[in-house]
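Student:
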Amino acid sequence: MTLLEQLGIQHPILLAPMAGVSTPQLAAEVSEQNVLGSLGLGANTVETARQQILQTQALTPKSFQVNFFCHDNVENDSAANQAWIDYLSPQFAQLNAEPPTELQCIYPSFKDNDDFLNLCLETRPKAVSFHFGIPHPHQIQKLKDAGIVTMVSATNLVEAQAIEAAGIDVIIAQGVEAGGHRGIFNPSIDAAIKTSDLVQLIKKHCSLPIIAAGGIMNGQQAKAMLALGADAVQLGTAFVQCKSSNANAAYRQALFNQPLTQITATISGRPARGLINHWHEQIDVPDRADLAPYPYAYDLAKQLNALASKQGDFGYGAFWAGTNVAQIRALEAQDLINQLVVEINHA
Ligand SMILES: Cc1cc2nc3c(=O)[nH]c(=O)nc-3n(C[C@H](O)[C@H](O)[C@H](O)COP(=O)(O)O)c2cc1C
801 MTLLEQLGIQ HPILLAPMAG VSTPQLAAEV SEQNVLGSLG LGANTVETAR QQILQTQALT
861 PKSFQVNFFC HDNVENDSAA NQAWIDYLSP QFAQLNAEPP TELQCIYPSF KDNDDFLNLC
921 LETRPKAVSF HFGIPHPHQI QKLKDAGIVT MVSATNLVEA QAIEAAGIDV IIAQGVEAGG
981 HRGIFNPSID AAIKTSDLVQ LIKKHCSLPI IAAGGIMNGQ QAKAMLALGA DAVQLGTAFV
1041 QCKSSNANAA YRQALFNQPL TQITATISGR PARGLINHWH EQIDVPDRAD LAPYPYAYDL
1101 AKQLNALASK QGDFGYGAFW AGTNVAQIRA LEAQDLINQL VVEINHA
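So that you can map any letter, position 306 of the sequence shown is 1106 in this note's numbering, and since no number is skipped, the others follow by simple counting.
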């Protein structure tokens, strides 16, 4: 069976799962075009994740993927968290606010317990993808037994080989150009391989289907990835501007006006690529304090951003975007996909 048959789609295009940006509406609009819609559920509780899946299923009978984070949770280290709170306290002071006294683990991992697994088994999305690592063997087995396609992001060959050895169905080759969090398993090791190089490397050494992700904004770039051995492409940044995404007005405006991106770990505690703002310019400076680990740092970043946004300063938002954001087009999902298909066929 080809990857497209496995996923139940006609064209080799996937909407990237985007926690905080994905919506059931966007997922359904995309799936209705016979490509794979998606829900980024990594920031959800089991209950809100269930609502999103059921809403998407009510909007379309077509297939879509859901996505979870698979990080190894670190112990709550209050000393490390406090050092990071202290470092950011001048930012809170500028906003006439006190920083919090402690930080929470705001994002559970799929591996923590089987609640998200059971949700997948109950709601049966076509595919489930994972970022930051590989689920437990029993979780993979149960998903496969249920006929759900399993997919995991790899940013280097070692991760790709581990994904294949674990019995996962599909490798998502996430290049360094990609917007959002690097899918790296170990947050302190990043080979920073370009999408095109990564696709070729994985093609040469692994036998699973490959989805290329990172810096793909048009059909010509998609076709180039397919020619290098990818079976499909996954686009995130290109879809953030669609009306039915959850991006706020400041984020949408920045996507079209601020074409520079950079990777920083200071927002969440894990490296992620976004539009350059206060985080890159003022906080991720050479003499910065040691960072609190993911997702504790993210708790602080979200509180700082919420305070600043209320006061009209949107420079603390996590405006994730890939390196090719300057090629973004103001097209709604249906038109964007039609355009991509035409470009792929004529490239
Ligand atoms: C706003 C945004 C949020 C993202 N959130 C997730 C996520 O929740 N899970 C995930 O696996 N990947 C996430 N990613 C990464 C994408 O899956 C994908 O690798 C990336 O969008 C591809 O690069 P591009 O943005 O240049 O198209 C996100 C990307 C963006 C832009």
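C-beta: ideal position from N, C-alpha, C; glycine also.
Strictly by DSSP, which residues pair up with arginine 924?
Tutor: Taking the sequence shown and counting its residues from 1, the one referred to as residue 924 is at position 124. Looking at the DSSP assignment, arginine 924 forms no beta bridge with any residue, so it has no partner.
Student: Residue range of the alpha helix (DSSP H) that methionine 1025 falls in?
Tutor: Reading the sequence shown from its first residue, position 225 is the one you call residue 1025. Residues 1019-1027.
Student: Strictly by DSSP, which residues pair up with valine 776?
Tutor: Residue 776 is absent from the structure shown; the chain starts at 801 and stops at 1147.
Student: Does the separation of the CB atoms of proline 937 and threonine 950 fall below 9 Å?
Tutor: Numbered from its first residue, the sequence shown carries residue 937 at position 137. Numbered from its first residue, the sequence shown carries residue 950 at position 150. Cβ atoms of proline 937 and threonine 950: not closer than 9 Å.
Student: Measuring only the C-alpha atoms, how far is tryptophan 848 from alanine 1126?
Tutor: As a first step, residue 848 is located in the sequence shown; it is residue number 48 there, counting from the start. As a first step, residue 1126 is located in the sequence shown; it is residue number 326 there, counting from the start. It is worth fixing the name first, because residue 848 is threonine in this sequence and not tryptophan. Threonine 848 and alanine 1126: Cα-Cα distance of roughly 33 Å.
Student: Can you find the residues in the same chain that come closer than 6 Å, C-beta to C-beta, to glycine 1149, ignoring five residues on each side of it along the sequence?
Tutor: There is no way to answer for residue 1149, as the model of the chain reaches only from 801 to 1147.
Student: At the level of alpha carbons, what is the spacing between glutamine 810 and valine 1141?
Tutor: Counting from one through the sequence shown, the residue named residue 810 turns up at place 10. Counting from one through the sequence shown, the residue named residue 1141 turns up at place 341. In a straight line, the C-alpha of glutamine 810 is about 10 Å away from that of valine 1141.
Student: Please report the distance separating the alpha-carbon of tyrosine 1098 from that of histidine 1146.
Tutor: As a working mapping, residue 1098 is identified with position 298 in the sequence shown. As a working mapping, residue 1146 is identified with position 346 in the sequence shown. Each residue's alpha carbon lies about 43 Å from the other.
Student: Excluding the 5 residues flanking aspartate 1031 on each side, which residues of the same chain have their C-beta closer than 6 Å to its C-beta?
Tutor: Here residue 1031 refers to the residue found at position 231 of the sequence shown. Hits under 6 Å: Leu803, Pro1009 and Ile1010.
Student: Candidates His931, Ile1002 and Glu922: which alpha carbon is nearest leucine 957's?
Tutor: The residue you call residue 957 lines up with position 157 of the sequence shown. For the residues His931, Ile1002 and Glu922, the minimum Cα distance to leucine 957 belongs to Ile1002.
Student: Of all the beta strand (DSSP E) runs that stay within the bounds of the stretch 1046-1118, which reach a length of 3 or more residues?
Tutor: Correct list: 1061-1064 and 1072-1075.
Student: Going by DSSP, name the residue or residues bridged to valine 999.
Tutor: Indexing the sequence shown from 1 puts residue 999 at position 199. None, per the DSSP bridge assignment.
Student: Can you tell me the Cα-Cα spacing of threonine 860 and glutamate 922, whole angstroms?
Tutor: If you number the sequence shown from 1, residue 860 lands on position 60. If you number the sequence shown from 1, residue 922 lands on position 122. Cα-Cα distance, rounded: 18 Å.
Student: Which of the three DSSP states is assigned to asparagine 1145 in this structure?
Tutor: Taking the sequence shown and counting its residues from 1, the one referred to as residue 1145 is at position 345. Asparagine 1145: helix per DSSP, three-state reduction.
Student: So the alpha helix (DSSP H) glutamine 865 belongs to, where does it begin and stop?
Tutor: What you label residue 865 is simply residue 65 of the sequence shown in a count that begins at 1. Not the alpha helix (DSSP H): glutamine 865 falls in the beta strand (DSSP E), residues 864-869.
Student: Taking 5 Å as the limit, tell me which residues put their C-beta closer than that to any heavy atom of ligand 1, in chain order.
Tutor: So the residues near ligand 1 by this Cβ test are Ala816, Pro817, Met818, Ala819, Val821, Gly840, Gly842, Asn867, His931, Gln974, Ala978, Gly979, Gly980, Ala1013, Gly1014, Gly1015, Leu1035, Gly1036, Thr1037, Trp1120 and Gly1122.
Student: Rounded to a whole number of angstroms, what is the C-alpha to C-alpha distance between asparagine 1077 and valine 1040?
Tutor: Counting from 1 along the sequence shown, the entry for residue 1077 is found at position 277. Counting from 1 along the sequence shown, the entry for residue 1040 is found at position 240. Computed Cα separation, rounded: 18 Å.
Student: Using beta-carbon positions only, say whether proline 1071 and isoleucine 1083 come within less than 9 Å of one another.
Tutor: Residue 1071 sits at position 271 when you count from the first residue of the sequence shown. Residue 1083 sits at position 283 when you count from the first residue of the sequence shown. No.
Student: Which residues in the same chain as glutamine 855 place their Cβ atom closer than 7 Å to its Cβ, once the five residues preceding and following it in sequence are excluded?
Tutor: Residue 855 sits at position 55 when you count from the first residue of the sequence shown. So the qualifying residues of the chain are Pro824.
Student: State the beta-bridge partners of histidine 1170 as determined by DSSP.
Tutor: Outside the modelled stretch of the chain, which goes from 801 to 1147, sits residue 1170, for which no answer is possible.
Student: Assign isoleucine 984 to one of two classes, buried (16 or more other C-beta atoms within 10 Å of its C-beta) or exposed (fewer than that).
Tutor: Along the sequence shown, read from residue 1 onward, the residue named residue 984 stands at position 184. Buried is the call here.
Student: Cβ of tyrosine 750 within 9 Å of Cβ of alanine 1089?
Tutor: What is shown of the chain runs 801 to 1147, which leaves residue 750 out entirely.
Student: Whole angstroms is fine: what's the gap from cysteine 905's alpha carbon to cysteine 870's?
Tutor: Position 105 of the sequence shown, counting from 1, holds the residue named residue 905. Position 70 of the sequence shown, counting from 1, holds the residue named residue 870. Between cysteine 905 and cysteine 870, the C-alpha separation is close to 14 Å.
Student: Apply the 10 Å Cβ neighbour rule to leucine 998 and answer buried if 16 or more other Cβ atoms are within range, or exposed otherwise.
Tutor: For the purposes of this step, residue 998 is identified with residue 198 of the sequence shown, where counting begins at 1. It is buried - the Cβ of leucine 998 has at least 16 other Cβ atoms within 10 Å.
Student: For the alpha helix (DSSP H) that alanine 1012 lies in, which residues bound it at each end?
Tutor: Residue mapping note: residue 1012 aligns to position 212 of the sequence shown, counting from 1. It is not in any alpha helix (DSSP H) - alanine 1012 instead sits in the beta strand (DSSP E) that spans 1010-1013.
Student: Taking a contact to mean a Cβ-Cβ separation below 9 Å, would you say isoleucine 1137 touches valine 835 in this structure?
Tutor: Indexing the sequence shown from 1 puts residue 1137 at position 337. Indexing the sequence shown from 1 puts residue 835 at position 35. Cβ atoms of isoleucine 1137 and valine 835: closer than 9 Å.
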